[in-house]
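Visitor: Numbers 1 to 58, taken from this note's numbering, label the letters of the sequence shown in order.
My questions will all concern the structure given below.
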Amino acid sequence: MANKQLLDGNRHTPWDVSTATYDDKSKYVYAQDEAPYSIFFKPDGAKMYIMGRYSGFV
Numbered sequence: 001m002a003n004k005q006l007l008d009g010n011r012h013t014p015w016d017v018s019t020a021t022y023d024d025k026s027k028y029v030y031a032q033d034e035a036p037y038s039i040f041f042k043p044d045g046a047k048m049y050i051m052g053r054y055s056g057f058v
């Protein structure tokens, strides 16, 4: 995450990032944690969670 932001998009098939499309939204994650390191998806693929090394929050 060198640019410190997460781009938002749609996945037409949950869990399959090859079907993802960009919807012109982004989230600046550096403000919440300077070292995001893991990404988790809700089982239905509707949400994505990012684990931060320093904040202790997801």
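Using N, Cα and C, we set each Cβ at its ideal position, and we do this for glycine too.
These numbers were taken from a predicted model, which means no experiment stands behind them.
1. Starting from D33, follow the beta strand (DSSP E) in both directions and report where the run begins and ends.
2. Spatial neighbours of M51 within its chain, please: CB distance less than 8 Å, with the 5 preceding and 5 following residues excluded, ordered by chain position.
3. Shortest alpha-carbon distance to S55 belongs to which of S26, Y30, M48, D23?
4. Apart from the five residues just before and just after Y49, which ones in its own chain have a Cβ nearer than 8 Å to its Cβ?
5. For R53, which of K47, E34, G45, A46 has the nearest alpha-carbon?
Guide: Walking through what the data contain:
1. First-last for D33: undefined, no H or E at that position.
2. P36, Y37, S38, I39, F40, V58.
3. It is Y30 whose Cα lies nearest to the Cα of S55.
4. Answer for Y49: I39, F40, F41, K42, V58, listed in chain order.
5. Nearest to R53 by C-alpha distance, out of K47, E34, G45, A46, is E34.
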